[in-house]
Amino acid sequence: MKKRTKILLTILIFLIVLLSGGWFYLHAQVYHPSKAADKIAQQATTTQPELYFKSKLTTNPEIIFYPGALVEPASYSIWAKRVADAGYPVYIVRFPMDLAVLAPNQAGNVLKNNQRDYVIGGHSLGGVMASRYAHEHQKHLKGVFFLASYPDKKGSLKGTDLPVLSITASRDGVLNRSAYKKAKRLLPKNTAYEQISGGNHAGFGSYGAQKGDNTATISNQAQQRQVAQRLIQWLKNLN
167 MKKRTKILLT
177 ILIFLIVLLS
187 GGWFYLHAQV
197 YHPSKAADKI
207 AQQATTTQPE
217 LYFKSKLTTN
227 PEIIFYPGAL
237 VEPASYSIWA
247 KRVADAGYPV
257 YIVRFPMDLA
267 VLAPNQAGNV
277 LKNNQRDYVI
287 GGHSLGGVMA
297 SRYAHEHQKH
307 LKGVFFLASY
317 PDKKGSLKGT
327 DLPVLSITAS
337 RDGVLNRSAY
347 KKAKRLLPKN
357 TAYEQISGGN
367 HAGFGSYGAQ
377 KGDNTATISN
387 QAQQRQVAQR
397 LIQWLKNLN
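In case it helps, the numbering used here puts the sequence shown at residues 167 to 405.
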């Protein structure tokens, strides 16, 4: 075997080991749903692109939701089921390696055979990627919501008349408050800002404690209930 071939083979093996190690590392960092969330997730229709909670109504907008980074979709099942029961079908989108940044246009796979009105939103990094999709795909789009999140420049909604809801939590230790405040200039003037007192970052889902977060002073069940209630009220105001 020629020296050059040996070098190339060595580099290839090194890259494979490096990528494999990176995959296993990220996989080990994934946040899994609580038992309560996982149990409710069993009631959803599961496909490759999404976790789908059906609704009996077919006239209301559909909800497209992007999970936070490294958070399994089922972790959001508790509030998603409540919203679906209120008449708004919810699609919790799946992403490669549970990272929305790897496939920010994944909502298109959910909507490609569907011409219904929809709203899109996300938690943390998922919200950033959802705003980018909203920026580029406004046909049938009726609103955007952020859970402990905000848009970046690529997802700017400034100058649109889209209804926007931004929900934060007072005990959130993960959200970059400075970046959050600066991002307000990228949102419409009529954006609704709400805060869950006592809630934290991880409480927008149900997957246990998150690194860097503060301890919530309300239960996860209470925060899940508030997320659902605030979303439902906002959705009703869209009609």
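Beta carbons are placed, not taken as given, at the ideal position from N, Cα and C, and that holds for glycine. This one's a predicted model, so the numbers in the text were calculated from it and none came from an experiment.
Counted as a single uninterrupted DSSP element, the alpha helix (DSSP H) harbouring Y346 occupies residues 343-348. Judged by their CB atoms, Y257 and V276 are nearer to each other than the 9 Å cut-off.
Here G378 is exposed. Its C-beta has fewer than 16 other C-beta atoms within 10 Å.
For I229, the enclosing beta strand (DSSP E) has its first and last residue at 228-232. For the pair Y299 and N280, the CB atoms are not nearer than the 9 Å cut-off. For the pair G253 and S221, the CB atoms are nearer than the 9 Å cut-off.
Residue range 243-251 is occupied by the alpha helix (DSSP H) that includes I244. Residue ranges of uninterrupted alpha helix (DSSP H) with 4 or more members, entirely inside the segment 324-390 and ordered along the chain, are 343-348. In this structure, the straight-line span from the alpha carbon of S315 to that of N386 is close to 19 Å.
Assigned with DSSP and collapsed to three states, H198 falls in coil, not helix or strand. In this chain, the alpha helix (DSSP H) harbouring L291 covers 291-302. Between L313 and G339, the C-beta gap is not smaller than 9 Å, which leaves the two residues out of contact. Here K220 carries a coil assignment [DSSP, helix/strand/coil]. Beta bridge pairing from DSSP links Y284 with E228, L307. Separation of the CB atoms of R337 and A266 is rounded to 24 Å, and the pair is thereby denied contact status at 8 Å. V276: member of the alpha helix (DSSP H) spanning 273-277, first to last residue.
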